[in-house]
Structure formats: C-alpha cells, structure tokens
Amino acid sequence: MTTLLEKGRLGESLAEYEIVDMHAHLMRGPFPWQESSADHLVRAMDQSGVKTSLVSSLECAGFRMEACNEVMYEATQKYPGRLLGYVYVWPGDPEAVRAEVERRLEQGFVGIKMLVLMGYDYTYPGYAPAFEIANERRLPVLLHTYGGQRGLADQVPTIAPRYKDANLVLAHAGAQKVEEHIQIANEHENTYLELCGSNATYGAIETLVESVPLERIVWGADDLPLNMSHQLGKVLGADIPEEAKKQILSTNARRILSQIRK
Ligand SMILES: [Zn+2]
29 MTTLLEKGRL GESLAEYEIV DMHAHLMRGP FPWQESSADH LVRAMDQSGV
79 KTSLVSSLEC AGFRMEACNE VMYEATQKYP GRLLGYVYVW PGDPEAVRAE
129 VERRLEQGFV GIKMLVLMGY DYTYPGYAPA FEIANERRLP VLLHTYGGQR
179 GLADQVPTIA PRYKDANLVL AHAGAQKVEE HIQIANEHEN TYLELCGSNA
229 TYGAIETLVE SVPLERIVWG ADDLPLNMSH QLGKVLGADI PEEAKKQILS
279 TNARRILSQI RK
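In this text, residue positions in the sequence shown follow our numbering: the first is 29, and each later residue adds one.
Printed below as a string of structure tokens:
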C-alpha cells in the first residue's frame, strides 16, 4: 500500500484522506498574488489535496471586525463546504462582539478567531461574549499563541477551565514552546495543539504524539501566508505511525466539527 509520505513525494492527490486544515486566512497587503485570496487559498488546497479549510479573514484586520467577516462570508458563499468561516473578533465593544458572532453563526460560520497580536489579552472582557457563545455551542476557538508574544502560558490556563466546552485550538504548537504546549494540553482537556509554523522544531511532532493524547493534535497550514505543501510535508514526513498522520490530518478536526451545537 502506498503510504501518505510516498504519495506526497510523488505529488499524488491526498483527496481520499479528506484532510481538514484548522488554520487558514484570507489576506492581502504585502503579498503579490494576482487573484483574490479565497481563489488563491482554494488553488493551494486543490494542489495539496486538502478538502476543507477553516478560515478567518484578516483582509481588513484590526478593528474592522464586520468588514473582515463580510469578506469571509463572501468566500464561504463562493466555496461552500471547502471554506468554513471563523468569526474574527475585535474586542473593543462586548455588545458588538456578541451581535457579530451570533449573526455570523446564523450565516454558517463554525468557529471564532482571536489574535493576541491585536494588543488585547484573551482575558480582556471584550472577548468574553465570544467565549461564552463558543462554550454554549462547543465551537472551536483558534488562538494565536506564537513566539515570545503573550497568550499561551499566561492566558490559556485561565481561559480553558472558564469555558470548558469551548474547544481551544492553540496555533503554532508544532513550531515552538513544545514543552509548554504539552503541559497545557495535558492539564486542559479542551485544548488542541495545531502544528503550523514558518519554522519547525526538529522532532516536535514526534514529541507531541508521544506526550499528549493523539486526538488533541490537529493540522493547520496558516496558508495564506505560509505554504500549504510545506506544512503538510511536516506531518507526512514525521516519524509517527501512518494511522496517527490520518488522525492529525482529518479525524481529529472532524470530531471537533461534529461537536458543534446548532
Ligand atoms: Zn494564522
């Protein structure tokens, strides 16, 4: 039987594995592509054989929450089932946050995206309505927790027990702070480790698979701006069982999506 790694090396389609990308964006700005970012993202998915991406729009970024999410909504309408929306949240006004999240969930969005890079901690009161709704509906919440920036050890241990039914997806766990991620994942059952990163700690995926329950590791590409095939290659080439690769690339994310309450 041809393995996932062999298929990847041969450039064969991985479509049969029904891969789910838990971390993608719509973006523009410094990137020179000549098509819409939704078209660009779906083309990358087709090239890599990725079936579905959970996407947040950062096209407008910053405080323009509604405008960002409108771009995302249009993309989900253009690519139904291929692109699923995270509601991007700017926490300046808690009532605006609640209204925006409720409205976008009505439109079919499936999760929430928060970026500590915007200058607000995840414990900031403006985020609370979004976490409360995520808790009620068992939504995935994608949290940027990268690098020397705040968000991981100083905030996730506070948020995770407060919103036990929200599934907190910790971005970039395969790229850095591996030991911190292992500790948090083992202490909080509603945290998931997502693997993308422009850099990669050698052996990180193997260490995570050895150290946390396998169902708590999910795959994301951060495409755009990162490259989907690069992020996929980290899992295909990892020294872990074939079955573990399939769970990371598809089964675990599908379980998170199946838990969402309508
Ligand atoms: Zn990202």
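Note that CB positions come from ideal geometry on N, CA and C, so glycine has one too.
Cβ-Cβ distance between residue i and residue j below 7 angstroms
{"i": "Gly90", "j": "Leu42", "result": "no"}
{"i": "Leu254", "j": "Ser226", "result": "yes"}
{"i": "Arg244", "j": "Tyr220", "result": "yes"}
{"i": "Arg131", "j": "Arg289", "result": "no"}
{"i": "Ser81", "j": "Tyr116", "result": "no"}
{"i": "Val169", "j": "Ile140", "result": "yes"}
{"i": "Leu171", "j": "Met142", "result": "yes"}
{"i": "Ala199", "j": "Asn163", "result": "no"}
{"i": "Phe137", "j": "Gly113", "result": "yes"}
{"i": "Val70", "j": "Glu87", "result": "no"}
Residue environment, residue i, which counts as buried when at least 16 other CB atoms sit within 10 Å
{"i": "Gln259", "result": "buried"}
{"i": "Tyr230", "result": "exposed"}
{"i": "Met29", "result": "exposed"}
{"i": "Gln275", "result": "buried"}
{"i": "Asp250", "result": "buried"}
{"i": "Ala127", "result": "exposed"}
{"i": "Lys192", "result": "exposed"}
{"i": "Leu133", "result": "buried"}
{"i": "Leu54", "result": "buried"}
{"i": "Leu38", "result": "exposed"}
{"i": "Gly147", "result": "exposed"}
{"i": "Ser278", "result": "buried"}
Identified DSSP bridge partners for residue i
{"i": "Asp267", "result": "BP columns for Asp267 are empty, so no partner."}
{"i": "Leu198", "result": "Leu171, Leu221"}
Own chain, CB closer than 8 angstroms to residue i, minus 5 neighbours either side, in chain order
{"i": "Gly120", "result": "Phe91, Gly154"}
{"i": "Gly202", "result": "Leu221, Glu222, Leu223, Cys224, Gly225, Ala228, Thr229, Ala232, Ile233, Leu236, Lys262"}
Contacting residues, own chain, Cβ-Cβ under 7 angstroms from residue i (five flanking each side not counted)
{"i": "Lys106", "result": "Ala66"}
{"i": "Gln135", "result": "Tyr101"}
{"i": "Ile268", "result": "Ile233, Glu234, Val237"}
{"i": "Lys35", "result": "Leu42"}
{"i": "Pro122", "result": "Pro153, Gly154, Ala156, Pro157"}
{"i": "Asp182", "result": "none"}
Neighbourhood of residue i by C-beta distance below 6 angstroms, restricted to the same chain and skipping five residues each side
{"i": "Ile187", "result": "Tyr150"}
{"i": "Ala281", "result": "Val48, Met50, Val246"}
{"i": "Lys273", "result": "Leu32, Val263"}
{"i": "Ala213", "result": "Thr219, Leu221, Val240, Arg244"}
{"i": "Lys79", "result": "Glu46, Ile47"}
{"i": "Val129", "result": "Val115, Ala158, Ile161"}
(message) For a minimum of 4 consecutive residues, which ranges assigned as the alpha helix (DSSP H) are wholly contained in the segment 45-116?
(response) 65-76, 93-106
(message) As an exercise, report each continuous alpha helix (DSSP H) stretch of at least 4 residues that is fully enclosed by the segment 114-192, in chain order.
(response) Entirely contained in the segment 114-192, the alpha helix (DSSP H) runs reaching 4 residues are, in chain order, 122-134, 156-165, 184-190.
(request) Let me know the alpha helix (DSSP H) ranges lying completely inside the segment 202-266, each 4 residues or longer, listed in chain order. (result) 206-215, 232-239, 256-264, all fully within the segment 202-266.
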